[in-house]
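Chemist: Residue numbers (UniProt numbering): 1 to 491.
Structural data, given as structure tokens:
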């Protein structure tokens, strides 16, 4: 397909997206003139600007609906009849429309259909029945509401930006290398990657050729509070989705016993991999998290890089991804590569690891088999870590960096490890980058990979930590993450 052909289709799609926003929801010039354009080149702190309130598009009640409630609290208001489904839908639709105009975070919008559904639900209730970068050639670049000069993460960056802007309280992303957790860490939200096949995934496009499987994507929630992560997973899994989707395991939600007081737990600490040095704000957040846990009487046990195998897992994952010749698929589309993909390819080209040295020269089924053996060796090492250290959970960095400049995020070693292991993992927002507390730049050295740390650029960006447990221990992961979150909130 010629470039002009796909380009004209892109233009038509972009115009159709703009036309779906009601005229009365368009931001006035008095608001857009406050922003430095182009947005992606300037640090517009959209959340701090309080645009929904200043725009005059939303009533005070609608602002309260979108700002004052958690997901569980909002459900209670709906059950009690304090709020109607239509009121809630219109409030979040208005805010989502503003988010789209500012952040380009939506791909498809169904505002009229959502209102029709809300009216139906209100009628049912009256009758008594309660019922990582994100940038592509079609929709352009999604922007970070904390700072439009920083990436929103991908590939579920639209969901992360929308939830952070509170255009939605709860969203669903997909994750094969960190695509739930990376937008969460960049946008300052909570995100949970379940074990594969817990949340149904049938009918979704595959990142590789249909039928070629090595490790699968997971679907999971992105939200502004950790209770919402629990709520979505419990709601879906309690319905036994395997009865409706053959891709889902028939493993219903397990309600864990809640002890009268929090026991003293033993946490592993995923330490810095020398190839992927942590930026100073990330190091600081992780150290503060360790102190917060120890202050509550919990033990924290470091896990060495040689046992954690972060670099080995990243090398293995990219070898798997390369089995299906991704450049050939992209070339067939006629589209150019977006800059972030080029940058990630260059970063991986600079990454050196001898873990797969004995797989060189293998092709086809022999190569796939050899990679599977390597994957099992990583799983075996981690099995010994859990057993030897008697761990309840592990905490570690979500990434080596916070949100960074567009097209510079690079590789996702600290999230991708857990896709290779198929471990459930939760990202918890905790703190902010600070040019005052961490004033010295960090330049990536020889033998290292990653973006440089630019203190002034990322000042104010959310920091986070990651919590994970063993495979299929999703309920325990959310329970441990809730305990960790409570410790962090007490700091």
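Beta carbons: idealized from backbone N, C-alpha and C, even for Gly.
What separation, rounded to the nearest whole angstrom, lies between the Cα atoms of residue 187 and residue 173?
Modeler: In the chain shown, the residue the question calls residue 187 occupies position 187. In the chain shown, the residue the question calls residue 173 occupies position 173. Looking at the two C-alpha atoms, the distance is approximately 14 Å.
Chemist: Would residue 371 be called buried (16 or more neighbouring beta carbons within 10 Å of its own) or exposed?
Modeler: The residue given as residue 371 occupies position 371 in the chain shown. Buried, by the Cβ-count rule.
Chemist: Measure the CB-CB distance between residue 99 and residue 162 and report whether it falls below 7 Å.
Modeler: Residue 99 sits at position 99 when you count from the first residue of the chain shown. Residue 162 sits at position 162 when you count from the first residue of the chain shown. In contact: residue 99 and residue 162 (Cβ atoms closer than 7 Å).
Chemist: Quick check on the DSSP output: the alpha helix (DSSP H) that includes residue 426 runs from which residue to which?
Modeler: Here residue 426 refers to the residue found at position 426 when the chain shown is read from its first residue. Here residue 426 belongs to no alpha helix (DSSP H); instead the beta strand (DSSP E) covers 425–432.
Chemist: Skipping 5 residues on each side, what residues in its chain have a beta carbon closer than 7 Å to that of residue 179?
Modeler: By 1-based counting over the chain shown, the position of residue 179 is 179. If we look at residue 179 and ignore the five residues flanking it on each side, its Cβ neighbours are 132, 154, 155, 156 and 173.
Chemist: Output yes or no for whether 7 Å exceeds the beta carbon distance between residue 317 and residue 394.
Modeler: Start at 1 with the first residue of the chain shown, and residue 317 comes out as number 317. Start at 1 with the first residue of the chain shown, and residue 394 comes out as number 394. No.
Chemist: How is the beta strand (DSSP E) around residue 190 delimited, first residue to last?
Modeler: For the purposes of this step, residue 190 is identified with residue 190 of the chain shown, where counting begins at 1. Looking at the DSSP string, the run of the beta strand (DSSP E) that includes residue 190 is 190–193.
Chemist: Mind checking who residue 484 pairs with in its DSSP beta bridge?
Modeler: Position 484 of the chain shown, counting from 1, holds the residue named residue 484. Note: residue 484 sits in no beta bridge, so no partner.
Chemist: Compare the Cα-Cα distances from residue 165 to each of 365, 422, 50 and 258 and report the closest residue.
Modeler: Here residue 165 refers to the residue found at position 165 of the chain shown. The shortest Cα separation from residue 165 among 365, 422, 50 and 258 belongs to 50.
Chemist: Please list the terminal residues of the continuous beta strand (DSSP E) segment that includes residue 276.
Modeler: Walking along the chain shown from the start, residue 276 turns up at place 276. It is not in any beta strand (DSSP E) - residue 276 carries neither H nor E in the DSSP assignment.
Chemist: Cα separation between residue 416 and residue 175?
Modeler: What you label residue 416 is simply residue 416 of the chain shown in a count that begins at 1. What you label residue 175 is simply residue 175 of the chain shown in a count that begins at 1. About 9 Å.
Chemist: Is it buried or exposed for residue 402, if we count other Cβ within 10 angstroms and need 16 for buried?
Modeler: Position 402 of the chain shown, counted from the first residue, corresponds to residue 402. Residue 402 should be labelled buried.
Chemist: Could you give the first and the last residue of the continuous beta strand (DSSP E) run that contains residue 266?
Modeler: The residue labelled residue 266 in the question sits at position 266 within the chain shown. Note, residue 266: beta strand (DSSP E), 266–270.
Chemist: Provide the residue span of the alpha helix (DSSP H) that contains residue 48, from first to last.
Modeler: Position 48 of the chain shown, counted from the first residue, corresponds to residue 48. Premise fails: residue 48 is in no alpha helix (DSSP H) and is neither H nor E.
Chemist: Could you check if residue 475 is buried or exposed, using at least 16 other CB atoms within 10 Å of its CB as the buried criterion?
Modeler: As a working note, residue 475 is residue 475 in the chain shown. So residue 475 ends up on the buried side.
Chemist: Buried or exposed, going by whether 16 or more other CB atoms sit within 10 Å of the CB of residue 365?
Modeler: Here residue 365 refers to the residue found at position 365 when the chain shown is read from its first residue. By the 10 Å Cβ count, residue 365 comes out exposed.
Chemist: Taking buried to mean at least 16 other C-beta atoms within 10 Å of its own C-beta, is residue 38 buried or exposed?
Modeler: For the purposes of this step, residue 38 is identified with residue 38 of the chain shown, where counting begins at 1. With fewer than 16 Cβ atoms within 10 Å of its Cβ, residue 38 is classed as exposed.
Chemist: Do residue 398 and residue 430 have their CB atoms nearer than 7 Å?
Modeler: Mapped onto the chain shown, residue 398 falls at position 398. Mapped onto the chain shown, residue 430 falls at position 430. No. Outside cutoff.
Chemist: Tell me the rounded alpha-carbon separation between residue 79 and residue 374.
Modeler: Working through the chain shown from its first residue, we reach residue 79 at position 79. Working through the chain shown from its first residue, we reach residue 374 at position 374. Taking the straight line from one Cα to the other gives about 51 Å.
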